[in-house]
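With the numbering used here applied, the sequence shown covers 119 to 373.
Note that the Cβ used here is the ideal one computed from N, Cα and C, for glycine as well.
Owing to the predicted nature of the structure, the values given are computational and were not obtained by experimental measurement.
In what follows, a structure is listed as structure tokens, so that the remarks can point back to it.
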Amino acid sequence: AKVGQTVTAQVTTDPADATVALTWLVDGQAIDGATGSTLVVPASAGGKALTVRAVASAEGLVDGTGESAPVTVQALSSDTRLATLTLDGTTVDGFDPATTRYTVLSTGSAWPTLTATTADPTATVRLVQPADGRGTGSVTVTAEDGTRLVYRVVVQRQVAVTAVDLRGTGRVGTRVTAVVQSDPGRVQLTYSWAVDGRTVRGAHHATYVPRPSDAGKALTVTVTATARGYVTSDTRTSAAVVVTAHHGGCPWSWF
119 AKVGQTVTAQ
129 VTTDPADATV
139 ALTWLVDGQA
149 IDGATGSTLV
159 VPASAGGKAL
169 TVRAVASAEG
179 LVDGTGESAP
189 VTVQALSSDT
199 RLATLTLDGT
209 TVDGFDPATT
219 RYTVLSTGSA
229 WPTLTATTAD
239 PTATVRLVQP
249 ADGRGTGSVT
259 VTAEDGTRLV
269 YRVVVQRQVA
279 VTAVDLRGTG
289 RVGTRVTAVV
299 QSDPGRVQLT
309 YSWAVDGRTV
319 RGAHHATYVP
329 RPSDAGKALT
339 VTVTATARGY
349 VTSDTRTSAA
359 VVVTAHHGGC
369 PWSWF
């Protein structure tokens, strides 16, 4: 028997037409009002012994009393633990069923999809996606007995710099331009140009004009992107190109 389940008493008497009065008991104590042939097992019976007592009477005979063998009632589960918690199919970093709040970085403008499964198959979940929760996803777990627990995942979107390319002839005295691709597309960019790995002082624009002293050396640009409502991007550095002298030679030499 289980809490919430309907159980039925079956009584056999001799004579067969005897009148039977029933009383349901939990741990030997009568359940108030429980005198029918069926009983919806109450929550208070969880983990306890359930019996039914029958008193049979018939004209001209002494009343007879009998009681069923006890049955331990299985309580409804109160397990609200999650077994899995994922964003876009990847387990949330640091996931532990005992931890109910997480903060996660997600690269790019798209909101990730939150999914979850319960440790107890009788429990249910209700999901609110980060896109619908102003950046906070939630999983409400309801156990079989109605106990609830809420897990929350705060998603911080981070600007993604997906590509940094250098365009131009690459010759001394001619402009080289950094072309940046990002997600989201509208961002504020910070540039830092370097020659042979050494930062060029004051070179913080989208373009750079190689100097005669740069000839034969590797030119790179490192970019960082920011956007309102986003975490600043990781830095990304372009592929290196060798600056050529103005008077001739192949203008581009890729490492």
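Classified as buried, residue 359 has 16 or more neighbouring CB atoms from the shown chains inside 10 Å of its CB.
Shown here for residue 220: same chain residues with a beta carbon closer than 6 Å to its own, the five before and five after excluded, namely 210, 271 in chain order. In this structure the region 200-208 does not touch the region 174-184; the number of beta carbon pairs closer than 8 Å is below three. Per DSSP, residue 285 is one residue of the beta strand (DSSP E) stretching across 278-285. Annotation for residue 185: the continuous beta strand (DSSP E) segment containing it runs 182-185. Here residue 198 is buried: its Cβ has 16 or more other Cβ atoms, across all protein chains shown, within 10 Å. Burial of residue 338 is indicated by the presence of at least 16 other C-beta atoms within 10 angstroms of its C-beta. Here the region 345-360 lies against the region 275-282, with 3 or more beta-carbon pairs under 8 Å apart. Beta-bridge analysis with DSSP links residue 274 to 223. Counting C-beta pairs closer than 8 Å gives fewer than three between the region 306-314 and the region 229-236, which falls short of the contact rule. For residue 161, there is no enclosing beta strand (DSSP E), since its DSSP letter is neither H nor E. Counting only runs of 3+ residues, the beta strand (DSSP E) found wholly inside the region 123-182 occupies 124-126, 137-144, 156-158, 167-175, in chain order.
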